[in-house]
Amino acid sequence: MADPMKIRARLKGDTADIRVLMSHPMETGQRKDAAGKLVPAHYIQNISITLAGKTVVEGQLNTAVSRNPVFGFKVKGAKAGDKVVIHWVDTNGDQRTDETTVTAG
Amino acid sequence: MDHLRRMLLKGAGASGALAVALAAGLLRPSRVLAAEWNKAAFGAASVPDALKAVGASGPADSKDVAIKAPDIAENGAVVPVEVDSRIPGTTEIAVLVDKNPLPLAASFTFSNGALPSVALRLKMGKTSNVRVIAKAGGKSYATAKEVKVTIGGCGG
Chain A
115 MADPMKIRAR LKGDTADIRV LMSHPMETGQ RKDAAGKLVP AHYIQNISIT
165 LAGKTVVEGQ LNTAVSRNPV FGFKVKGAKA GDKVVIHWVD TNGDQRTDET
215 TVTAG
Chain B
1253 MDHLRRMLLK GAGASGALAV ALAAGLLRPS RVLAAEWNKA AFGAASVPDA
1303 LKAVGASGPA DSKDVAIKAP DIAENGAVVP VEVDSRIPGT TEIAVLVDKN
1353 PLPLAASFTF SNGALPSVAL RLKMGKTSNV RVIAKAGGKS YATAKEVKVT
1403 IGGCGG
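Quick mapping for you: the protein sequence lines, in order, are chains A and B. Adding 114 to a residue's 1-based position in the first sequence gives its number in this note's numbering. Adding 1252 to a residue's 1-based position in the second sequence gives its number in this note's numbering.
Encoded structure:
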């Protein structure tokens, strides 16, 4: 099981500034380890974000996203206390869901 | 939910990819994400093929799609990129790195108040254009910015 995500959601006016750091190796399948063997591809493919129960962002990722991906999104119409839930699924079928609440800016 | 899924699947033309993903047990039917991973688009080895697979062939150049990225990236493994679209009604954004082995890096759909904007970090194998496609009202718009890479981010 991967480490928890670090999520921050802060209000600026009526817009929530959501930042998330996902802990993941994001292996491309092209890198070789110390013994010269290819490291198999292992990366997050789908992410989704809900705010106050509604889906706001859905993303599909490829190997070109950096290790330990960081994303920033903005959602209008958010209120302090709204729940932000972020979910990812990787190529191995591993998944993680973490949440936070929007804080006043 | 079913209707939405159907719509998105149609848009991505990825029902085949769905069947494969289900067969591989990657996605549990009880918790299927609305948009399935677009295998054709992410596996495409050239920019035109990737654009075709996301349904955005021949996008129009637009200054209303903005890319914030460094002119020179010292480390190709972590290139911070910020993208936003000022085109009204933008629902989707795709980010490509032209000269990566698999150009399509990520795609996002926005709904329920999410602004068409995303900040992310990319791997870049070598100096290349970063290309952003925004889809709004059935049309696609593109912009590109060159990022010079001094140390590549692919491979070891």
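Ideal Cβ placement from N, Cα and C applies to all residues, glycine included.
* Asked: Does the Cβ-Cβ distance between residue 182 of chain A and residue 137 of chain A come in under 8 Å?
  -> yes
* Who does residue 1338 of chain B pair with in a DSSP beta bridge? -> BP columns for residue 1338 of chain B are empty, so no partner.
* Asked: Nearest chain E C-beta to residue 1381 of chain B closer than 8 Å, yes or no?
  -> Structure shown: chain E not included; protein chains present are A and B.
* Consider the Cβ of residue 1378 of chain B: report whether some Cβ of chain A lies at a distance smaller than 8 Å. => no
* To do: Please list the residues of the region 171-193 of chain A that have a C-beta atom closer than 8 Å to any C-beta atom in chain B, keeping them in chain order.
  => 171, 172, 173, 174, 175, 176, 177, 178, 179, 180, 181, 183, 184, 185, 186, 187, 188, 189, 190, 191, 192
* To do: Taking only beta-carbon positions, decide if residue 197 of chain A is within less than 8 Å of chain B.
  => no
* Name, going along the chain, the residues of the region 1347-1358 of chain B whose beta-carbon falls closer than 9 Å to a beta-carbon of chain A. => Within the region 1347-1358 of chain B, the residues whose Cβ lies closer than 9 Å to some Cβ of chain A are 1347, 1348, 1349, 1352, 1353, 1354, 1355, 1356, 1357, 1358, listed in chain order.
* To do: State whether the region 207-218 of chain A contacts the region 1381-1395 of chain B, with contact taken as three or more CB pairs (one from each stretch) at a distance under 8 Å.
  => no
* Asked: For residue 166 of chain A, which residues of its own chain have a beta-carbon under 7 Å away from its beta-carbon, when the five flanking residues on both sides are left out?
  -> The beta carbon of residue 166 of chain A sits closer than 7 Å to the beta carbons of 196, 197 from its chain, once the five residues preceding and following it are set aside; these are given in chain order.
* **Residues from the region 1329-1348 of chain B in contact with chain A, defined by Cβ distance under 7 Å** => Cβ contacts with chain A come from 1329, 1330.
* To do: Run down chain B in chain order and give the residues with a C-beta less than 9 Å from the C-beta of residue 168 of chain A.
  => 1363, 1364, 1365
* Asked: Using the beta-carbon count (16 or more within 10 Å), is residue 1320 of chain B buried or exposed?
  -> exposed
* Asked: Is any beta-carbon of chain A found at less than 8 Å from that of residue 1374 of chain B?
  -> yes
* Asked: Once you ignore the five residues that flank residue 220 of chain A on each side, which residues in its own chain have a CB closer than 8 Å to its CB?
  -> Here chain A covers residues 115 to 219 and nothing more, so residue 220 of chain A does not appear.
* Please report how far the alpha carbon of residue 211 of chain A lies from the alpha carbon of residue 1297 of chain B, in whole angstroms. => The alpha-carbon separation between residue 211 of chain A and residue 1297 of chain B amounts to approximately 32 Å.
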